[in-house]
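The number in the numbering used here is simply the position in the sequence shown, starting from 1, with 34 added.
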Amino acid sequence: MKRILITGGAGFIGSHLCERLLKEGNDVVCLDNFFTGRKVNIAHLMDSPYFEVIRHDVTEPVLLEVDQIYNLACPASPVHYQYNPVKTIKTNVMGALNMLGLAKRVRARILQASTSEVYGNPLVHPQTEDYWGNANPIGPRACYDEGKRCAETLMFAYHRQNGVDIKVVRIFNTYGPRMLENDGRVVSNFIVQALKGSDITVYGDGKQTRSFCYIDDMVDGLIRMMNNDEIVGPVNLGNPGEFTVKELADRVIRLTGSSSRISYKPLPQDDPVQRQPDITIAKKNLGWKPTIELEDGLNRSIEYFSKRIKKSKDTITV
Ligand code: NAD
Ligand code: UDP
Ligand code: UDP
């Protein structure tokens with residue numbers, strides 16, 4: 035049995051990871067400050083004697099004894115990470131520093147959740163791990179992009195200088211149940227708008243592309259990387275299926291049978307024009323590739339959000 039720390043464990047990806055690692059017989063410690071995470075995401079795990087929750091902010095040091103650390107703490111939606119940009123930088127940089135200090139002290143293996151945003155508005159397509167990116171260091175997304183880039187730098191510095199056992203993954207757009215209804219990210223926004231019959235807000239002309247990975251595939255990739263003894267990364271994890279935002283809107287309208295209409299809104303500054311992961315390394319070294327098609331994943335997410343919307347009408351949820 036391994037003792038595993040998941041920072042950001044009450045969030046979207048973190049809660050699925052807690053659930054899966056617990057199911058696989060590990061002792062799981064979930065650390066979260068509940069900025070975008072929710073107790074309801076992990077409430078069903080609370081009865082297990084092998085599950086603990088610590089309300090803590092990763093920008094502050096913490097003393098724990100663990101074998102593995104998944105460092106996921108950081109708001110992932112542009113709306114949330116731009117709400118307090120200075121805090122986003124602190125979370126990424128001081129959070130990574132503290133978790134690396136912890137990993138160094140207890141000789142734990144640490145996996146950093148990095149992002150496709152390190153490629154900025156990419157000039158190489160699809161994005162390969164050896165591409166250094168095209169990120170604006172002073173724009174509104176910089177707190178997240180540069181914060182994550184610095185976290186990667188810290189990971190490699192601790193690895194070279196102190197021999198810390200690191201793993202770096204670059205996560206591409208991931209979606210599924212337990213995203214916040216008001217998260218601001220495109221999949222949750224479109225599904226919630228379609229289910230409520232409100233306008234679907236497409237930013238810009240909707241021709242920008244993204245590649246959407248379903249949560250179960252992502253969790254599988256993260257665990258495979260953590261337990262791989264050959265590579266440190268960075269490794270892209272994402273679904274190479276590439277869609278325009280307009281295509282996504284049309285698909286959500288069709289799958290929900292909604293009468294919602296598309297309403298075009300201004301494109302946010304520095305919104306990447308195209309994004310698609312090259313997952314050759316993940317396939318070769320981790321034996322990993324996504325298995326859940328967009329349509330299937332959207333249907334599962336629609337089912338979750340329908341229930342959630344119905345429930346929030348009757349009760350106050352946490
Ligand atoms: P999320 O917002 O649902 O989860 C983030 C969690 O971190 C939340 O539970 C939040 O409360 C917690 N948190 C934030 N700041 C904290 C702090 N200072 N101290 C402690 N906890 C803190 O987002 P997510 O989609 O689950 O993303 C998880 C990780 O994966 C993030 O690091 C994100 O950057 C990365 N990532 C996600 C995606 C995606 O598409 N979902 C893409 C690329 C990278
Ligand atoms: N740290 C932590 N938990 C630990 C060990 C370290 O939170 O178990 C923090 C520590 O407080 C410091 C950071 O991690 O802020 C980096 O630690 P390191 O030992 O590398 O650097 P130093 O403490 O020498 O600055
Ligand atoms: N987007 C959109 N309508 C929305 C939310 C997002 O058209 O209601 C667009 C956004 O401009 C971007 C894409 O969808 O081009 C993905 O946005 P998201 O915030 O989900 O993730 P990121 O931009 O970080 O990939």
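Ideal Cβ placement from N, Cα and C applies to all residues, glycine included.
These numbers were taken from a predicted model, which means no experiment stands behind them.
Measure the Cβ-Cβ separation of residue i and residue j and say whether it is below 9 Å.
i	j	result
residue 17	residue 98	Because the chain is modelled from 35 through 352, residue 17 falls outside the range shown and cannot be assessed.
residue 25	residue 199	The structure shown does not extend to residue 25, since the chain is modelled only from 35 to 352, so the question has no answer here.
residue 161	residue 270	yes
residue 234	residue 283	yes
residue 85	residue 39	no
residue 292	residue 229	yes
residue 111	residue 272	no
residue 189	residue 144	yes
residue 41	residue 65	yes
residue 183	residue 167	yes
residue 212	residue 49	yes
residue 54	residue 253	yes
residue 210	residue 179	no
residue 251	residue 187	no
residue 240	residue 322	no
Between residue i and residue j, what straight-line distance do the alpha-carbon atoms span, to the nearest angstrom?
i	j	result
residue 70	residue 114	8 Å
residue 351	residue 164	Reliability of the predicted coordinates at residue 351 is poor, the pLDDT of 49 falling under 50, and the value obtained from them is presented with this limitation in mind. Residue 351 and residue 164: Cα-Cα distance of roughly 44 Å.
residue 132	residue 94	7 Å
residue 208	residue 135	29 Å
residue 221	residue 238	16 Å
residue 336	residue 281	17 Å
residue 1	residue 330	This structure gives no information on residue 1, because the portion of the chain shown stretches from 35 to 352.
residue 219	residue 77	24 Å
residue 224	residue 306	19 Å
residue 264	residue 192	18 Å
residue 89	residue 106	15 Å
Beta-carbon within less than 8 Å of residue i's beta-carbon, same chain only, minus the 5 sequence neighbours each way: which residues are those?
i	result
residue 308	156, 159, 242, 243 and 276
residue 181	108, 122, 123, 125, 126 and 127
residue 142	39, 100, 101, 102, 103, 136 and 199
residue 236	279, 280, 283, 296, 297, 298 and 299
Using a Cβ-Cβ cutoff of less than 7 Å, which residues in the same chain neighbour residue i once the five nearest sequence positions on both sides are dropped?
i	result
residue 119	177
residue 232	294
residue 185	126, 127, 130, 146 and 148
residue 58	none
residue 262	319 and 320
residue 245	206, 207, 272, 273, 274, 275, 276, 309, 310 and 311
Answer yes or no: the CB of residue i versus the heavy atoms of ligand 1, is any distance below 8 Å?
i	result
residue 59	no
residue 155	no
residue 338	no
residue 73	no
residue 279	no
residue 114	yes
residue 330	no
residue 248	no
Chain C beta carbons: is any one of them nearer than 9 Å to that of residue i?
i	result
residue 149	Checking the listed chains, one finds no chain C in this structure; it contains a single protein chain.
Could you check if residue i belongs to the surroundings of ligand 3, using beta carbon to heavy atom distance under 8 Å?
i	result
residue 240	yes
residue 218	yes
residue 70	no
residue 152	no
residue 117	no
residue 306	yes
Sorted by chain position, which residues of the same chain lie with C-beta nearer than 6 Å to residue i's C-beta, five sequence neighbours on each side aside?
i	result
residue 37	61, 100 and 101
residue 314	none
residue 67	91
residue 175	304
residue 268	163, 202 and 204
Taking 6 Å as the limit, tell me which residues put their C-beta closer than that to any heavy atom of ligand 2, in chain order. 95, 96, 97, 131, 132, 135, 136, 138 and 139
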